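Asks: Numbering (our numbering), first residue to last: 554 to 681.
For every residue, glycine included, the Cβ atom is placed at its ideal position computed from N, Cα and C.
Since the model is a prediction, treat every value here as computed from it, not as a measurement.
#1: At what residue ranges does the stretch 576–654 contain a whole run of the alpha helix (DSSP H), taking only runs of 4 or more?
#2: Note down, in chain order, each residue of its chain lying with its Cβ closer than 6 angstroms to the Cβ of residue 564, except the 5 sequence neighbours on either side.
#3: Taking the DSSP output, what are the residues bridged to residue 674?
#4: Apply the 10 Å Cβ neighbour rule to residue 632 and answer buried if 16 or more other Cβ atoms are within range, or exposed otherwise.
#5: For residue 669, which of 600, 661, 606, 630 has the nearest alpha-carbon?
#6: Can you tell me where the beta strand (DSSP E) holding residue 559 begins and where it ends?
#7: To the nearest angstrom, report how far apart residue 646 and residue 554 are at their CA atoms.
#8: Do the stretch 577–589 and the stretch 601–609 meet, that is, are 3 or more Cβ pairs less than 8 angstroms apart?
#9: Could you tell me whether the Cβ atoms of residue 585 and residue 625 are closer together than 8 angstroms?
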């Protein structure tokens, strides 16, 4: 009874092949969006993308105890992991599937109406 979240990959300008583990069926694949909730040019876009989260110009811990501004779907995936953990902490009796479905249903749709290959079902929403 676990939720697995993975970065969708950073091949957005190079072919968008499936990226593992994000391409596995039971994994939540996370694409990156910038500050205006627009798909990041580097973010892999394909049929495996489930959700999107901020991943462009994110301040993160770095080597030697320093901080750095980084971009990538690896910066986006922790946002979804955090929201999943937050939701599950409020509903501890729910199953992983129920939490995953709640994330999908509460996402803010971006781009084309409904699911698309760039942002999946939309921007993860911690408030919903």
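Replies: By the coordinates alone:
#1: 626–643, all fully within the stretch 576–654.
#2: Exclusion of the five residues before and after residue 564 leaves 597 as the residues of its chain whose Cβ lies within less than 6 angstroms of its Cβ.
#3: Looking at the DSSP assignment, residue 674 forms no beta bridge with any residue, so it has no partner.
#4: Residue 632 comes out buried.
#5: Among 600, 661, 606, 630, the Cα nearest to that of residue 669 belongs to 600.
#6: Residue 559 -> beta strand (DSSP E) spans 557–560.
#7: Here the C-alpha atom of residue 646 lies approximately 11 angstroms from the C-alpha atom of residue 554.
#8: Short answer: they touch.
#9: Yes, the pair counts as a contact, with Cβ atoms nearer than the cut-off.
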